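As you go down the protein sequences, you meet chains A and B in turn.
Heads up, the first sequence is in UniProt numbering, so the first residue is 1 and it goes up one at a time.
Heads up, the second sequence is in UniProt numbering, so the first residue is 1 and it goes up one at a time.
Let me begin by presenting the structure, written as structure tokens, before commenting on it.
Protein chains: 2
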Amino acid sequence: MSQTVDRALSILPLLAQGPADLGQVADRLGVHKSTALRLLRTLHEHGLVYRQEDQRYRLGARLFALAQEAVENLDVREIAHPHLVALNERIGHTVHLAVHEEGEVLYIDKVESRYPVRMYSRIGKPVAITVAAVAKLLLADLPEAERRAVAEKLDYPTYTSRSTPNAAAFLTELATVREQGWATDLGGHEESINCIGAPIHGADGRVVAAMSVSAPNVVVTAEELLTLLPQVRRTAEAISREYSGTAPNTPSAQGSSDDR
Amino acid sequence: MSQTVDRALSILPLLAQGPADLGQVADRLGVHKSTALRLLRTLHEHGLVYRQEDQRYRLGARLFALAQEAVENLDVREIAHPHLVALNERIGHTVHLAVHEEGEVLYIDKVESRYPVRMYSRIGKPVAITVAAVAKLLLADLPEAERRAVAEKLDYPTYTSRSTPNAAAFLTELATVREQGWATDLGGHEESINCIGAPIHGADGRVVAAMSVSAPNVVVTAEELLTLLPQVRRTAEAISREYSGTAPNTPSAQGSSDDR
DNA sequence: AATGGGTGTTGCAGATGTTGCAACGCCGTC
DNA sequence: GACGGCGTTGCAACATCTGCAACACCCATT
């Protein structure tokens with residue numbers, strides 16, 4: 001809508017791929033060098049872009065700070081985190097939390113081997129939307145029309161032989177997930193990794209986030225992983241209750257949570 | 001420099017403080033509502049801003065994705081290399097760069113007496129994790145629980161009489177390193193070789209790499225080597241600044257590195 | 001030393017894009 | 001049912017942005 005801003009913002013994803021010099025930026029933006037220079041300068045003044053010693057441009061520190069604040073302001077994450085940690089301590093495997101935003105599904109928290117991480121590993125990264133358990137959960141909650149529209153627009157990469165092959169299969173899978181209230185990814189993204197996931201509901205019943213537990217084949221088989229499903233679902237429900245305010249909101253005594 | 005972009009970018013820190021509606025944004029920007037609307041729309045299209053259910057605006061999830069992608073594409077070695085060369089040219093001794101990965105500490109760069117070396121000597125090889133200065137620096141940054149777990153699992157080979165003897169001694173050493181912000185290896189790996197090292201920090205404060213300077217006893221004594229510590233630390237700090245994108249606010253002529 | 005190609009930078013006139021206004025549609029409240 | 005608040009749209013006036021061309025600078029080359 002605003003050409004200047006549009007151009008300026010287009011520089012960011014471009015620089016995310018790696019440092020670039022003025023000429024490269026101008027070229028890939030399709031504008032004159034002087035124009036690119038002014039845009040970069042403005043971005044620089046706001047700290048979103050950093051100029052390294054070889055004069056090339058990179059994303060700057062303020063962007064990281066903003067990203068940090070943005071994630072911290074997501075209150076689902078804040079509420080869910082202790083539950084995720086508790087679950088992780090019991091079952092040991094990696095636990096993820098994800099949300100759906102603007103056509104993407106992003107991991108916003110991760111607990112791995114009793115090692116809570118910020119801005120690390122996959123947090124912030126879009127997930128493989130056609131196969132991930134959390135993605136299925138989040139998309140399954142969309143109104144049917146939108147669900148179909150989204151499914152049609154997606155690509156269906158064949159990560160493994162068990163990846164979702166096409167829109168029809170995906171919609172069928174979503175219907176299943178919607179009905180049963182949980183989801184799996186059994187080797188659909190990486191051959192040797194299985195996931196099980198459950199949805200987190202808001203006060204109005206809509207799915208606001210999804211969580212999953214992942215483990216490699218060599219540690220537990222898919223069947224064994226599925227035996228953990230009740231625990232995962234109970235955790236998701238506990239988070240839902242607290243998030244939607246239906247919970248005994250005892251702000252202290254968090255030990256009373258029933259996500260055992 | 002560019003008014004439109006400047007205004008648009010000013011919205012981001014504003015929203016970082018919490019969600020705001022159109023009127024608030026317009027007011028705090030000092031522009032007309034319609035102007036603010038257009039800017040917000042542009043930010044929205046780029047995913048930097050998200051519109052929540054009550055129509056208020058928040059920071060968007062793409063911010064993470066960007067920050068995430070940027071850190072992944074950041075190459076410490078590339079950034080550090082010129083600094084290491086500069087330091088080497090001043091002090092002459094061998095300079096190493098190392099990272100922590102999958103339970104190992106690996107040298108990823110080395111500069112030896114005006115001999116910029118890649119794929120040579122120990123680059124890529126695991127270091128003696130219980131004694132090397134860089135290993136101490138990298139392990140000292142781990143959360144306490146993991147630090148202890150790692151220390152318990154290691155072997156403590158007696159390379160020399162001054163090698164770290166056991167887990168308890170190692171943890172004590174790590175605590176010291178953590179506190180003082182630098183590390184040494186005085187004859188712990190090879191009787192006649194001393195090292196001093198300093199950590200390189202990322203934008204989130206965590207230690208992403210470590211560098212060290214090594215010299216044989218016959219060239220400089222341990223005491224003499226320690227006099228170089230300030231230079232080493234300054235170099236590490238300069239690399240940290242550049243790596244984390246902490247821009248000198250002076251838009252122009254910030255001279256250059258202060259790792260002198 | 002001098003030349004040349006490669007950068008990034010500046011000033012400027014033209015015109016494109018942006019601005020603020022005023023009016024409209026919408027929704028909840030009084 | 002009218003009011004007030006809020007977001008949205010179309011438009012004309014204007015300020016801002018654009019691309020050009022020339023310049024400054026650094027480095028490698030001759």
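Note that beta-carbon positions come from the ideal geometry of N, C-alpha and C, so glycine has one too.
None of the values given here were measured: they were computed from a predicted structure.
In the DSSP assignment, residue 23 of chain B falls within the unbroken alpha helix (DSSP H) covering 22-29.
With a beta-carbon spacing of about 15 Å, residue 29 of chain A and residue 2 of chain A fall beyond the 8 Å limit used to define contacts. Taking every protein chain shown into account, the CB of residue 242 of chain B has 16 or more other CB atoms within 10 angstroms, so this residue is buried. Around the beta carbon of residue 68 of chain B, a 10 Å sphere encloses 16 or more other beta carbons of the protein chains shown; the residue is thus reported as buried. Residues of chain B with a Cβ closer than 7 Å to the Cβ of residue 124 of chain A are, in chain order, 64, 65, 67 and 68.
Of all residues in the segment 81-104 of chain B, the ones placed with a Cβ closer than 9 Å to any Cβ belonging to chain A are 82 and 83, in chain order. CA-to-CA, the gap between residue 161 of chain A and residue 100 of chain B works out to about 34 Å. In this structure residue 230 of chain A is exposed. Its beta-carbon is surrounded by fewer than 16 other beta-carbon atoms within 10 angstroms. In terms of Cα proximity to residue 138 of chain B, the closest of B:217, B:149 and B:104 is B:104. The segment 210-224 of chain A and the segment 128-136 of chain A touch, with no fewer than 3 CB-CB distances between them shorter than 8 Å. Unbroken beta strand (DSSP E) runs of no fewer than 3 residues, entirely contained in the segment 73-140 of chain A, are found at 94-101 and 104-112, following chain order. Within the segment 172-260 of chain B, the complete alpha helix (DSSP H) segments of 4 residues or longer fall at 222-226 and 229-244, listed in chain order. DSSP places residue 148 of chain B inside the alpha helix (DSSP H), whose first and last residues are 144-153. In this structure the segment 3-23 of chain B touches the segment 53-66 of chain B; the number of beta carbon pairs closer than 8 Å is three or more. Around the C-beta of residue 34 of chain B, fewer than 16 other C-beta atoms lie within 10 Å, and the residue is accordingly described as exposed. Nearest to residue 192 of chain A by alpha-carbon distance, out of A:109, A:32, A:40 and A:163, is A:163. Under DSSP, residue 156 of chain A takes part in no beta bridge, so it has no partner.
Under a criterion of Cβ atoms nearer than 9 Å, no residue of chain A is adjacent to residue 57 of chain B; the nearest Cβ is some 12 Å distant.
Taking all protein chains in view, the Cβ of residue 51 of chain A is crowded by 16 or more other Cβ atoms within 10 Å, so the residue is classified as buried. By the Cβ rule, the segment 218-233 of chain B counts as touching the segment 190-206 of chain B, because three or more pairs are nearer than 8 Å.
When DSSP states are grouped into helix, strand and coil, residue 14 of chain B belongs to the helix group.
Listed by position along chain B, the residues whose Cβ is nearer than 7 Å to that of residue 160 of chain A form an empty set, because the closest Cβ is around 23 Å away. Judged by DSSP secondary structure, residue 59 of chain A falls within the beta strand (DSSP E) whose first and last residues are 57-59. Residue burial is scored here from C-beta neighbours: residue 32 of chain A has fewer than 16 other C-beta atoms within 10 angstroms and is therefore classed as exposed. At a cut-off of 8 Å between beta carbons, residue 236 of chain B makes no contact with chain A. Annotation for residue 129 of chain A: 104, 105, 135, 139 and 154 place their beta carbon closer than 8 Å to its own, counting only its chain and skipping 5 residues before and after. Here residue 172 of chain A is exposed: its Cβ has fewer than 16 other Cβ atoms, across all protein chains shown, within 10 Å. With contacts defined by Cβ atoms closer than 8 Å, residue 214 of chain B and residue 42 of chain B do not form a contacting pair. Under a criterion of Cβ atoms nearer than 7 Å, no residue of chain A is adjacent to residue 155 of chain B; the nearest Cβ is some 21 Å distant. Counting only residues of its own chain and dropping the five nearest sequence neighbours on each side, residue 16 of chain B has a CB closer than 8 Å to the CB of 59. In the DSSP assignment, residue 51 of chain B falls within the beta strand (DSSP E) that extends over 49-51.
Within the same chain, Cβ atoms closer than 7 Å to the Cβ of residue 183 of chain A are found at 133, 136, 137, 177 and 197, the five residues on either side in sequence being excluded. Contact annotation, residue 80 of chain A with residue 66 of chain A: C-beta distance approximately 22 Å; criterion of less than 8 Å not satisfied. Counting along the chain, residue 46 of chain A sits inside no alpha helix (DSSP H), nor does DSSP assign it H or E at all. A distance below 8 Å between beta-carbons, with the five flanking residues on each side excluded, links residue 165 of chain A to the following residues of its chain, in chain order: 156 and 158. The three-state secondary structure of residue 54 of chain B, taken from DSSP, is coil.
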